[in-house]
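Peer 1: Taken in sequence, the protein lines are chains C and B.
Numbering follows this note's numbering, in which position 102 of the first sequence is assigned residue number 102; successive positions increment by one, without gaps.
Numbering follows this note's numbering, in which position 285 of the second sequence is assigned residue number 285; successive positions increment by one, without gaps.
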Amino acid sequence: MNRNEYKRLAERRAGRSPVLRNCLAAFLVGGGICLFGEALTGVYLLLGAEEKTAATLVTVTLIFLSALTSALGIFDDLARVAGAGTLVPVTGFANAVVSPALDAKSEGAILGVGAKIFTVAGPVLLYAILGGAVYGTLLSLFGWLA
Amino acid sequence: MSRLLRFPPVYVCGTGAVGGYEERRGPFGECFDLTAEDDRFGMPSFEQAEGEMARMALSFALGRAGLSPAELGLLFAGDLQNQCVASSQGLSGLPTPFLGLFGACSTMVEGMGLAALALTAAPTLPSAAALSSSHNAAAERQFRTPLEYGSQRTPTAQWTATAAGAAVLGRQGRVAVTAFLPGRICDAGITDAANMGAAMAPAAADTLLAYFRESGERPEDFDLILTGDLGHEGSVLLRTLLSEPLPTLDGVHEDGGCLFYGEEKDVHGGASGCGCIASLLAAVFLPRLERGELTRMLAVGTGALMNPGELQQGGAIAGVAHLVRIEATGQEV
Numbered sequence: 001m002n003r004n005e006y007k008r009l010a011e012r013r014a015g016r017s018p019v020l021r022n023c024l025a026a027f028l029v030g031g032g033i034c035l036f037g038e039a040l041t042g043v044y045l046l047l048g049a050e051e052k053t054a055a056t057l058v059t060v061t062l063i064f065l066s067a068l069t070s071a072l073g074i075f076d077d078l079a080r081v082a083g084a085g086t087l088v089p090v091t092g093f094a095n096a097v098v099s100p101a102l103d104a105k106s107e108g109a110i111l112g113v114g115a116k117i118f119t120v121a122g123p124v125l126l127y128a129i130l131g132g133a134v135y136g137t138l139l140s141l142f143g144w145l146a
Numbered sequence: 001m002s003r004l005l006r007f008p009p010v011y012v013c014g015t016g017a018v019g020g021y022e023e024r025r026g027p028f029g030e031c032f033d034l035t036a037e038d039d040r041f042g043m044p045s046f047e048q049a050e051g052e053m054a055r056m057a058l059s060f061a062l063g064r065a066g067l068s069p070a071e072l073g074l075l076f077a078g079d080l081q082n083q084c085v086a087s088s089q090g091l092s093g094l095p096t097p098f099l100g101l102f103g104a105c106s107t108m109v110e111g112m113g114l115a116a117l118a119l120t121a122a123p124t125l126p127s128a129a130a131l132s133s134s135h136n137a138a139a140e141r142q143f144r145t146p147l148e149y150g151s152q153r154t155p156t157a158q159w160t161a162t163a164a165g166a167a168v169l170g171r172q173g174r175v176a177v178t179a180f181l182p183g184r185i186c187d188a189g190i191t192d193a194a195n196m197g198a199a200m201a202p203a204a205a206d207t208l209l210a211y212f213r214e215s216g217e218r219p220e221d222f223d224l225i226l227t228g229d230l231g232h233e234g235s236v237l238l239r240t241l242l243s244e245p246l247p248t249l250d251g252v253h254e255d256g257g258c259l260f261y262g263e264e265k266d267v268h269g270g271a272s273g274c275g276c277i278a279s280l281l282a283a284v285f286l287p288r289l290e291r292g293e294l295t296r297m298l299a300v301g302t303g304a305l306m307n308p309g310e311l312q313q314g315g316a317i318a319g320v321a322h323l324v325r326i327e328a329t330g331q332e333v
């Protein structure tokens with residue numbers, strides 16, 4: 001068996017992730033998180049918050065809960081089952097920032113947490129900000145021309 | 001040219017093994033000298049915890065050999081952390097001459113082979129030890145994602161063992177190391193870091209083929225042919241590669257990665273890490289040879305030679321597999 005044949009055999013053999021099961025788990029857990037968010041919105045509205053403020057408060061609450069459960073070591077256990085269900089909502093982003101920070105704690109506040117907190121979320125931040133800047137420049141340019 | 005290095009027997013005088021919490025709950029939990037309730041082993045970081053495990057494993061092995069650290073002639077040790085700091089930090093302060101090794105997860109067998117060669121080459125050397133460790137949390141952090149990062153593992157992904165194993169070799173004992181076959185670097189072009197078994201299987205096959213070609217022995221001459229941490233995926237690939245030249249391998253082959261956690265744990269492809277075969281040898285198989293429950297075995301340490309940066313630059317994962325032949329002598333010491 002030559003190198004290419006072996007590589008093909010190994011790739012063909014490697015078990016696929018159970019896509020259907022993962023999709024179902026993602027749908028249920030992700031849906032559950034969104035449902036919880038809706039319920040929270042209701043609560044904040046009841047407490048007298050305006051609609052826009054309530055939405056912000058829900059986001060902040062979800063981020064806080066993700067950070068807390070990450071620190072308690074529960075988030076990754078849920079995510080192992082839920083996959084995209086916990087990754088896609090704002091919960092995934094919060095976990096992506098908190099988990100490297102937790103890891104880097106042993107290397108200190110500056111070169112540890114400070115330098116490594118965005119190792120996972122960094123690409124999202126960079127290209128989101130860059131995309132925003134490009135879009136904003138184009139918008140103002142064409143807006144001015146028009 | 002022959003790759004098989006045969007020498008007059010050198011003997012296993014003492015072994016020691018330490019494991020973490022998952023290892024305590026695994027099928028060999030009882031066999032370890034010590035398993036911890038907490039994977040930090042009382043240290044401030046997981047990295048230091050690994051060094052502490054290495055230090056403890058060596059202490060147990062020395063205790064069993066009846067040696068003080070000052071009486072140990074030479075120490076070969078290595079791990080998975082950058083520049084092998086688990087070994088150097090954990091073992092600093094020892095009076096023993098230290099030779100650091102990196103053979104990824106093949107390090108323990110590499111160390112045993114080198115310790116045997118050193119004893120053979122230097123008649124004045126009384127004893128030499130091989131030691132290797134890995135820590136799941138330290139390895140995950142270095143090679144994969146942050147510990148608490150929420151993600152799904154692929155079916156072929158393996159779980160780095162939190163374990164350390166040590167073996168002291170010397171001039172007397174009931175278990176003899178009689179041959180060493182150092183492996184070649186085998187690059188099969190595998191680039192998936194979640195499928196290291198596939199990257200290591202060709203190296204294990206190459207080493208086993210060379211061994212049986214050069215020794216004239218056959219797989220059925222052994223009670224056990226133990227590969228290090230090919231996992232479920234790599235084991236199947238190894239048997240596929242060797243089904244024609246060594247059809248009788250199936251009956252005697254076991255893989256440390258498949259055995260280590262049994263079926264219980266959500267480890268997908270099996271265990272991996274330097275500590276996997278090191279602790280299995282030290283805690284389970286060398287004692288079985290000593291008790292006469294096994295007569296003759298081959299230990300094949302399998303290592304995946306890579307780092308994450310090299311993979312991101314488009315490189316592949318090379319494999320290497322070293323082999324030692326170990327047998328019970330049946331002698332009383």
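Note that the Cβ used here is the ideal one computed from N, Cα and C, for glycine as well.
Taking Ser59/B as the reference, which of Gln172/B, Asn82/B, Gly16/B has the closest Cα?
Peer 2: Cα-wise, what sits closest to Ser59/B is Gly16/B.
Peer 1: Helix, strand or coil: which one does DSSP assign to Ser92/B?
Peer 2: coil
Peer 1: At 3 residues or longer, and completely inside the segment 85 to 167 of chain B: list those beta strand (DSSP E) runs for me, N to C.
Peer 2: Qualifying beta strand (DSSP E) stretches, in chain order: 98 to 100, 127 to 134.
Peer 1: For Gln48/B, which residues in the same chain have their Cβ closer than 7 Å to its Cβ, ignoring the five residues on either side in sequence?
Peer 2: Gln89
Peer 1: Nearest to Leu305/B by alpha carbon, out of Ser106/B, Tyr11/B, Phe32/B, Ala86/B?
Peer 2: Ser106/B
Peer 1: Suppose you measure from the CA of Val212/C to the CA of Gly29/B; what does that come to, to the nearest Å?
Peer 2: Chain C is shown from 1 up to 146; residue 212/C falls before or after that span and cannot be answered.
Peer 1: Taking only the alpha-carbon atoms, compute the straight-line gap between Ser132/B and Asp255/B and give it to the nearest angstrom.
Peer 2: Their Cα atoms are separated by approximately 18 Å.
Peer 1: Leu75/B and Ala104/B: beta carbons closer than 8 Å?
Peer 2: no
Peer 1: Output, in sequence order along the chain, the residues in the segment 232 to 249 of chain B whose CB is closer than 8 Å to any CB in chain C.
Peer 2: Glu233, Val236, Leu237, Thr240, Leu241
Peer 1: If we ignore side chains and look at the alpha-carbon of each, how far apart do Cys186/B and Leu57/C end up?
Peer 2: 56 Å
Peer 1: Would you say Ile190/B faces chain C, with C-beta separation under 8 Å as the test?
Peer 2: yes
Peer 1: Quick one: is Cys84/B buried, meaning 16 or more other Cβ sit within 10 Å of its Cβ, or exposed?
Peer 2: buried
Peer 1: At a Cβ threshold of 8 Å, is Phe27/C touching chain B?
Peer 2: no
Peer 1: Buried or exposed: which applies to Cys13/B, given that a residue is buried once 16 or more other Cβ atoms fall within 10 Å of its Cβ?
Peer 2: buried
Peer 1: Could you name the residues of the same chain whose beta carbon sits closer than 7 Å to that of Ala118/B, not counting the 5 residues immediately before and after it, in chain order?
Peer 2: Leu74, Leu125, Ala128
Peer 1: Taking the straight line between their C-alpha atoms, what separation do you get for Ala128/C and Gly122/C?
Peer 2: 10 Å
Peer 1: In chain order, what residues of the same chain have a beta carbon less than 6 Å from the beta carbon of Leu249/B, not counting five sequence neighbours either side?
Peer 2: Pro219, Leu242
Peer 1: Output needed in chain order: residues of the segment 142 to 173 of chain B with a Cβ under 9 Å from some Cβ in chain C.
Peer 2: Thr145, Pro146, Leu147, Glu148, Tyr149, Gly150, Ser151, Gln152, Arg153, Thr154, Pro155, Thr156
Peer 1: For the beta strand (DSSP E) containing Phe7/B, name the first residue and the last one.
Peer 2: 5 to 19
Peer 1: Can you tell me which of the three DSSP states Met297/B falls into?
Peer 2: strand
Peer 1: Is there at least one Cβ from chain C nearer than 8 Å to Ser45/B's Cβ?
Peer 2: yes
Peer 1: Name the chain B residues whose beta carbon is nearer than 9 Å to that of Ser17/C?
Peer 2: Gln152, Arg153, Thr154, Pro155
Peer 1: Return the residue from the list Ala283/B, Leu209/B, Ala278/B, Leu238/B that minimises the CA-CA distance to Arg3/B.
Peer 2: Leu209/B
Peer 1: Of all Cβ atoms in chain B, is any one closer than 8 Å to the Cβ of Lys7/C?
Peer 2: yes
Peer 1: Which chain B residues are close to Leu228/C, counting only those with a beta carbon under 9 Å from its beta carbon?
Peer 2: Because residue 228/C is not part of the residues shown, which for chain C are 1 to 146, the question remains open.
Peer 1: How would you list, in chain order, the residues of chain C whose beta-carbon sits under 7 Å from the beta-carbon of Pro202/B?
Peer 2: Tyr6
Peer 1: Check whether the Cβ of Ala14/C lies closer than 8 Å to any Cβ atom in chain B.
Peer 2: yes
Peer 1: So, is the C-beta of Ala271/B closer than 8 Å to a C-beta in chain C?
Peer 2: No, no contact with chain C.
Peer 1: What are the residues in the segment 54 to 65 of chain C lying within 9 Å of chain B by C-beta distance?
Peer 2: none
Peer 1: I'd like the ranges of any beta strand (DSSP E) spanning at least 3 consecutive residues and lying wholly in the segment 249 to 308 of chain B.
Peer 2: 253 to 255, 296 to 305
Peer 1: Evaluate the contact criterion for the segment 275 to 292 of chain B versus the segment 142 to 156 of chain B: three or more CB pairs, one atom per stretch, below 8 Å.
Peer 2: no
Peer 1: By the 10 Å Cβ neighbour count, where 16 or more other Cβ atoms means buried, how is Ser134/B classified, buried or exposed?
Peer 2: Buried, since its Cβ has 16 or more Cβ neighbours within 10 Å.
Peer 1: Give a yes or no on whether the minimum CB-CB distance between Ala115/C and chain B is below 8 Å.
Peer 2: no
Peer 1: Along the chain, where does the beta strand (DSSP E) that runs through Gly319/B open and close?
Peer 2: 318 to 328
Peer 1: Could you check where the beta strand (DSSP E) with Gly78/B kicks off and where it finishes?
Peer 2: 74 to 78
Peer 1: Taking the C-alpha atoms as reference points, what is the distance between Gly309/B and Val60/C?
Peer 2: 35 Å
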